[in-house]
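Numbering (the working numbering), first residue to last: 4 to 196. Just so you know, even glycine gets a beta-carbon here, dropped at the ideal spot from N, CA and C. The structure displayed is predicted, hence computed values, not measured ones.
Take a look at the structure:
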């Protein structure tokens, strides 16, 4: 599995410039100050047989599956490491950041309106960034919330010990006259629960 810190390429050759451009806006967001609340696993032509989300009657020029996996736990030592990194980079004494650490820890552990923790909210925001990015590079996407994790666990191995699959994003570039174009069905993105 080759990877950027928060983006992993599973069972795929080097991604095309188009897929790298598509993922660029979410790369640093997925890192979230080094706490890595979610990962994006990129797999070419792999997820469609796992999650059966791409229509069989389409002729995509390229199709990829992106799995957004949420970190199961952000520990106190993860937060301590983050605060220590802030301390070193800003030349503050770590002790002087105790109030900051406490506030940061409270915000990470706080449940949102939908009962989601911070990592889940970050993943959902990352998904929104991906969908906006899809519009910019003219791709068709379909999003499924993952409720059956067996396929993810079997395929992605050790990564599932620290992360739980949350969303599957099927990405299709439709080729017309030798050029990538936006799909004509006026439904560029959809969230299916």
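- In the DSSP assignment, residue 175 forms a beta bridge with 66 and 143.
- Here residue 170 is bridged, per DSSP, to 71 and 148.
- Annotation: the continuous alpha helix (DSSP H) that includes residue 30 extends over 20-34.
- Taking C-beta separations shorter than 7 Å and ignoring five residues to either side along the sequence, the partners of residue 41 in its chain run 33, 71, 72, 73, 74, 122, 125, 126 and 129, following chain order.
- By DSSP's assignment, residue 41 forms a beta bridge with 73.
- Here the C-alpha atom of residue 67 lies approximately 11 Å from the C-alpha atom of residue 143.
- Burial check for residue 166: the Cβ neighbour count within 10 Å reaches 16 or more, so the residue is buried.
- Excluding sequence positions up to five before and after residue 81, its CB lies within less than 7 Å of the CB of 38, all in the same chain and listed in chain order.
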